[in-house]
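Novice:
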Amino acid sequence: MKHLFIISLLLVFAFQNKGLSQVKKAKHVILIGFDGLGSYAFPKAEMPNLKKLMEGGSYSLEARTVLPSSSAVNWASMLMGAGPTAHGFTEWGSKTPEIPPYEVTKYGIFPSIFSLIRDQNPKAKTAAIFSWGGIGPLVEKDAIDVVYNGETEDLCLDRAIEVIKEGETTFMFLHLSEPDGVGHNIGHDTPEYYEELKTVDSKIKQIVDAVASAGLTEETIIMLSSDHGGVGKGHGGKSLEEIYIPWIISGPGVKTNHQINDLIMTYDTGATIAWILGLDVPQSWRGKPVGDSFDSY
């Protein structure tokens, strides 16, 4: 009887950890952030590579930004697992916190996914590659192996592909500035905006192809999201066109062709990455892993 009880416990433990073992196949996580990519555009957008990523994974087109629906505050929230009243970055171009952060790491700002990785897995390599200089103040540079602020999107993409092909980086964040530039200069929901989305889609293909050519597809999770959408030539407001952003995840252990109906906030992104990599999160984080995107959670 005692032996049966022990066997039952082992079976329960194995069942509960089935999903965790599947996700642990992922040795690499790539987070691609497209500035100003609003979910409102997806029904009209000609983006076969993006839609293939969605079909091969889990997705929501109703993930939400924090307010204001602007850049720095939302990129910070995405990477820091909490909202602006916790991390302190509250504006479009915040370079220093306007609100004193709840806590500050030894790297000088509120804890992000980068410091979690560095402190809990010092041998893991990370990269932050970005085309907008406003990302710089939001990342803990001393906790990151590769920090690259490229002058153009193409340079950033080339550097990201180099990092992927090296096959050593556990987590990479790639920020690209479009389609935000077109949104500001010409307008959201315009023919020019949708034309730019074709270029955005080609960049997704280059990243996916780089992962495949490096032989890393079976051990890499690719995530894709944005900081905000837009209306007219702007953003920052409270309309759904501004606050609804895509949230897409694909890779080992992830449900396929699955639409996530749970509420996703942008700060859940950092928490999901931490869960995939088996990291403990600080008490100050408010994000939680998007468990419905995994085969078992």
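In terms of full-length UniProt numbering, the sequence shown is residues 1 to 297.
Glycine included, every Cβ here is placed at the ideal spot set by N, Cα and C.
This one's a predicted model, so the numbers in the text were calculated from it and none came from an experiment.
1. Pick out whichever of H235, F34, S225 and F110 has its Cα sitting closest to the Cα of L67.
2. How close, in whole Å, do the beta carbons of K25 and G253 come, if the pair is a contact with beta carbons under 8 Å?
3. Return the residue from the list F110, T199 and K106 that minimises the CA-CA distance to P48.
4. Mind checking if E55 is an interface residue toward chain C, Cβ cutoff 8 Å exclusive?
5. Under three-state DSSP, which class holds N121?
6. Can you say whether P289 is buried or exposed, counting buried as having 16 or more other CB atoms within 10 angstroms of its CB?
7. Give me the DSSP bridge partner(s) of Y40.
8. Taking the CB atoms as reference points, tell me whether Q259 and S60 lie closer together than 8 Å.
9. In chain order, which continuous runs of the alpha helix (DSSP H) of length 4 or greater are located wholly inside the segment 229-273?
10. At a cut-off of 7 Å, would you count P179 as near the ligand COA, judging by its Cβ distance to the nearest heavy atom?
11. How about I208 and E192: do their beta carbons lie closer than 8 Å?
12. The alpha helix (DSSP H) spanning Y193 covers which residue range?
13. Would you mind sorting E153 into buried or exposed? The rule is 16 or more other CB atoms within 10 Å of its CB.
14. Here's the rule I'm using: 16 or more other beta-carbon atoms within 10 Å means buried, otherwise exposed. How should V35 be labelled?
15. Report back the beta-carbon spacing between L31 and T269 to the nearest angstrom; my notes put them in contact at under 8 Å.
16. Would S115 and E140 be called neighbours here (beta carbons separated by less than 8 Å)?
17. For the alpha helix (DSSP H) that V147 lies in, which residues bound it at each end?
18. With a CB to CB cut of under 7 Å and the five nearest residues on each side skipped, what residues in its chain are close to E219?
Specialist: Taking the structure as given:
1. For this step, residue 67 is matched to residue 67 along the sequence shown. Answer by Cα proximity: H235.
2. Indexing the sequence shown from 1 puts residue 25 at position 25. Indexing the sequence shown from 1 puts residue 253 at position 253. Taking 8 Å as the upper bound for CB-CB distance, K25 and G253 are in contact here, some 6 Å apart.
3. In the sequence shown, the residue the question calls residue 48 occupies position 48. Of all alpha-carbon atoms in F110, T199 and K106, the one lying nearest the alpha-carbon of P48 is that of T199.
4. Reference to chain C is not applicable here, since this structure consists of a single protein chain.
5. The residue labelled residue 121 in the question sits at position 121 within the sequence shown. Three-state result, N121: coil.
6. Within the sequence shown, residue 289 is the residue found at index 289, counting from 1. It is buried - the Cβ of P289 has at least 16 other Cβ atoms within 10 Å.
7. Counting from 1 along the sequence shown, the entry for residue 40 is found at position 40. None, per the DSSP bridge assignment.
8. Start at 1 with the first residue of the sequence shown, and residue 259 comes out as number 259. Start at 1 with the first residue of the sequence shown, and residue 60 comes out as number 60. Taking 8 Å as the Cβ cut-off, Q259 and S60 qualify as a contacting pair.
9. Runs of the alpha helix (DSSP H) lying entirely within the segment 229-273, each at least 4 residues long, are 240-243 in chain order.
10. The ligand COA is not part of the structure shown, which contains no ligands of any sort.
11. For the purposes of this step, residue 208 is taken as residue 208 along the sequence shown, with counting starting at 1. For the purposes of this step, residue 192 is taken as residue 192 along the sequence shown, with counting starting at 1. Correcting the residue identity first, residue 208 is Val in this sequence and not Ile. Pairing V208 with E192 gives a Cβ-Cβ distance that is not under 8 Å.
12. As a position in the sequence shown, residue 193 is number 193, starting the count at 1. From DSSP, the alpha helix (DSSP H) with Y193 extends over P191 to S213.
13. As a first step, residue 153 must be located in the sequence shown, where it is residue number 153. The Cβ neighbour count for E153, taken over all protein chains shown within 10 Å, is at least 16; the residue is labelled buried.
14. Position 35 of the sequence shown, counting from 1, holds the residue named residue 35. Going by the sequence as given, residue 35 is Asp instead of Val. If you draw a 10 Å sphere on the C-beta of D35, you find 16 or more other C-beta atoms in it, and that means buried.
15. Sequence index remark: in the sequence shown, residue 31 carries index 31 (1-based). Sequence index remark: in the sequence shown, residue 269 carries index 269 (1-based). Contact between L31 and T269 holds, since their C-beta atoms are separated by about 7 Å, short of 8 Å.
16. Within the sequence shown, the letter at position 115 stands for residue 115. Within the sequence shown, the letter at position 140 stands for residue 140. The answer is yes: Cβ separation under 8 Å.
17. Start at 1 with the first residue of the sequence shown, and residue 147 comes out as number 147. No alpha helix (DSSP H) contains V147, which is instead part of the beta strand (DSSP E) from V146 to N149.
18. Here residue 219 is taken as the residue at index 219 of the sequence shown, counted from 1. The beta carbon of E219 is closer than 7 Å to those of K25, A26, K27, H28 and P252 in its chain, skipping five residues each way along the sequence.
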